[in-house]
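Report on the following structure.
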Amino acid sequence: MAPVSGVCAKGNMLTHKEALQKILSQAQPLAPKRVLLRESLGLVLSEDIVAPEPFPSFNNSAVDGYAVSGISQKVNQKQIKFKVTGEIRAGECFKGSLKSGHAVRIFTGAPVPNRTQAVAMQEYVERANGHVSLLKELAPHENIRFCGEDVRIGKTLLKKNSAITPSHLALLAALGCHKILVTPVPKVSILATGSELIKIGEPLRPGKIRDSNTILLEALVKQAGGIPLCLPNVGDSPAKIRFLIREGLKQDVLLISGGVSVGKYDFVKEILREEGVKEIFWKVDIKPGKPLFFGKKNRTLVFGLPGNPVSVFVTFEEFAKPALLKLMGKKNFDGQMVQGSLAKPFMNGPRFHFVRVQCVQKRGGFAITPLKGQGSHMVGSLASANALLRVKANASLKKNTMVSVKLLDGGKW
């Protein structure tokens, strides 16, 4: 098994576990909001939902056929001829009650008339001269769906803290639930800093790099279920960074990439402090992602992520994503874990390391292969990875060691 993070900080740095605990202690579910049913997929219920009516709401036919009255279990039903006295399509109702010895043509979902004993499938009747006769005997109530047989009025349909699925939507729609009370989706501001960044569509100039962090974080926020709001890049101008930080602090979460280290042009931490953001911690004893900043102003969570794209990915996956999930009222922050055998040895350095790996299912289990190129700037190996392996400091893992990895992209690989 791969080791998990320790509990003791190195110097003034927190461990992975300590940092995550501090973040989750500050992240509280957003205030409940009533939303349209069609907007609730994946959201978490903030109340129990009780059936306001039965389902089905009336007795109806399960088949296309004939509703009949006057059958008996004591005589040969095949000898009885039923007079056809009408037709009921779905959405229509039969006036009055069905008389003994009579039948009504009926279609699937249509209300069955009062005094109907059963519905004969059209394949098992013979019709001639305005009458039908049975080719197969009927059991009492055969092919009748009864009012409330699926859901009775007052039944608890879904409990508080349930995440809404497509099948839940179908059930609630069938019972007329137009709006439901849920924990809403957090709005997340995204700000990439750095004068070296240019927009994706611009020609590459000497000394410049294209901004991949904004689109990366936008996609990660969407995948986690949040609403991303991308702010423009303003380089390393303190005045412009301050203006955009003020805008970002209006949302539930502010994600900033770059500017949180100790370089001459790393202004973000100081500006956050001046704008009233309380620092919860700065620096975590991990690789990649050491200079992670986390703070809070009122209810807004603020993450200062490192500038390198792999560090952005890892710190979002391990710290920001669990916070978003908790804001949405969700309980599972660990992701999908699988165990497998290490396909080649791996020797770690002095920091707890999130290693990009390929996890491939083979006969008898999973093969875990650490990827070449673990640098925090290497987006090629990031794009090739489908899982993260946690390795403790100075660990030496031999080939065929059984390890546990977290699958990325929701476990789709």
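Here the sequence shown is numbered in my numbering, starting from 2 and rising by one per residue.
Quick reminder that beta carbons are idealized off the backbone N, C-alpha and C, glycines included.
Reference residue i; option with closest CA among the options
{"i": "H103", "options": "N115, K322, I191, K84", "result": "K84"}
{"i": "A121", "options": "V339, V285, I145, A368", "result": "I145"}
{"i": "P233", "options": "A225, N60, I199, E150", "result": "I199"}
{"i": "P239", "options": "R247, V254, V269, G366", "result": "V269"}
{"i": "H17", "options": "P346, I242, L398, E319", "result": "E319"}
{"i": "G71", "options": "L15, S47, S98", "result": "S98"}
{"i": "K161", "options": "N60, E276, V45", "result": "V45"}
{"i": "G305", "options": "E271, K288, N333", "result": "E271"}
{"i": "V303", "options": "D267, V261, Q118, G336", "result": "V261"}
{"i": "N115", "options": "A129, E219, P323, F95", "result": "F95"}
{"i": "M348", "options": "V189, K400, V76", "result": "K400"}
{"i": "K132", "options": "Y67, S47, A111", "result": "The amino acid at residue 132 is misidentified as Lys; the sequence shows His. The residue with the shortest Cα to Cα distance from H132 is Y67."}
{"i": "S385", "options": "Q362, R357, A396", "result": "R357"}
{"i": "V113", "options": "E88, L136, Q337", "result": "E88"}
Rounded straight-line distance, which links the Cα of residue j to that of residue i
{"i": "C360", "j": "K373", "result": "14 Å"}
{"i": "F355", "j": "P167", "result": "34 Å"}
{"i": "P187", "j": "V222", "result": "9 Å"}
{"i": "W414", "j": "E93", "result": "For W414, the pLDDT reaches just 47, beneath the cut-off of 50, and the residue's location in the model is therefore unreliable, although a value from the coordinates is still provided. The alpha-carbon atoms of W414 and E93 are separated by roughly 50 Å."}
{"i": "V105", "j": "D151", "result": "25 Å"}
{"i": "L172", "j": "R39", "result": "12 Å"}
{"i": "I154", "j": "P53", "result": "6 Å"}
{"i": "A394", "j": "L273", "result": "31 Å"}
{"i": "K345", "j": "V313", "result": "27 Å"}
{"i": "V278", "j": "L176", "result": "46 Å"}
{"i": "K34", "j": "N61", "result": "36 Å"}
{"i": "R243", "j": "I281", "result": "20 Å"}
{"i": "W283", "j": "N13", "result": "9 Å"}
{"i": "V64", "j": "K180", "result": "32 Å"}
{"i": "E275", "j": "R391", "result": "36 Å"}
{"i": "T402", "j": "P351", "result": "20 Å"}
{"i": "K82", "j": "T109", "result": "22 Å"}
{"i": "I246", "j": "Q22", "result": "25 Å"}
{"i": "G1", "j": "T370", "result": "With the chain running from 2 to 414 in the structure shown, residue 1 is simply not present."}
{"i": "V380", "j": "A174", "result": "44 Å"}
{"i": "S382", "j": "Q375", "result": "7 Å"}
Residue i: first and last residue of the uninterrupted alpha helix (DSSP H) it sits in
{"i": "F83", "result": "Taken as a continuous stretch (DSSP letters only), F83 belongs to no alpha helix (DSSP H), being part of the beta strand (DSSP E) at 82–89."}
{"i": "R243", "result": "239–249"}
{"i": "H132", "result": "First-last for H132: 132–135, but that is the beta strand (DSSP E), not the alpha helix (DSSP H)."}
{"i": "K400", "result": "Run containing K400: none; DSSP gives neither H nor E here."}
{"i": "V313", "result": "310–316"}
Distance CB(residue i)-CB(residue j) smaller than 7 Å
{"i": "F353", "j": "I24", "result": "no"}
{"i": "S134", "j": "E127", "result": "yes"}
{"i": "V311", "j": "S377", "result": "yes"}
{"i": "L398", "j": "L343", "result": "yes"}
{"i": "D49", "j": "T184", "result": "no"}
{"i": "A225", "j": "L325", "result": "yes"}
{"i": "K298", "j": "L250", "result": "yes"}
{"i": "S41", "j": "I165", "result": "yes"}
{"i": "V315", "j": "G341", "result": "no"}
{"i": "L1", "j": "L255", "result": "With the chain running from 2 to 414 in the structure shown, residue 1 is simply not present."}
{"i": "N214", "j": "S163", "result": "no"}
{"i": "C178", "j": "F59", "result": "no"}
{"i": "V285", "j": "L37", "result": "no"}
Per-residue DSSP class, three states only, for residue i
{"i": "K288", "result": "strand"}
{"i": "Y125", "result": "helix"}
{"i": "S98", "result": "strand"}
{"i": "L256", "result": "strand"}
{"i": "Q359", "result": "strand"}
{"i": "A171", "result": "helix"}
{"i": "G202", "result": "coil"}
{"i": "P371", "result": "strand"}
{"i": "C9", "result": "For C9, the predicted structure reports a pLDDT of 43, less than 50, and the residue's modelled location is therefore unreliable. The matter cannot be settled from this model."}
{"i": "A3", "result": "Low confidence applies to A3: its pLDDT is 40, below 50, so where it sits in the model is not reliable, and the reading given next is rough at best. In this structure, A3 counts as coil in the three-state DSSP scheme."}
{"i": "L409", "result": "coil"}
{"i": "A20", "result": "helix"}
{"i": "I210", "result": "strand"}
{"i": "R39", "result": "helix"}
{"i": "G381", "result": "helix"}
{"i": "T184", "result": "strand"}
{"i": "L328", "result": "helix"}
{"i": "I216", "result": "helix"}
Heavy atom of the ligand GDP within 6 Å of residue i beta-carbon
{"i": "L217", "result": "Because no ligand of any kind appears in the structure shown, any question about the ligand GDP cannot be addressed here."}
Where the beta strand (DSSP E) containing residue i begins and where it ends
{"i": "R364", "result": "From DSSP, R364 is part of no beta strand (DSSP E); its letter is neither H nor E."}
{"i": "L306", "result": "301–306"}
{"i": "S415", "result": "Nothing about residue 415 can be reported from this structure: the residues present for the chain run from 2 to 414 only."}
{"i": "R274", "result": "From DSSP, R274 is part of no beta strand (DSSP E) but of the alpha helix (DSSP H) over 269–275."}
{"i": "A68", "result": "66–69"}
{"i": "P229", "result": "228–231"}
{"i": "F295", "result": "294–298"}
{"i": "H103", "result": "103–107"}
{"i": "V339", "result": "338–343"}
{"i": "V392", "result": "388–392"}
{"i": "K279", "result": "279–283"}
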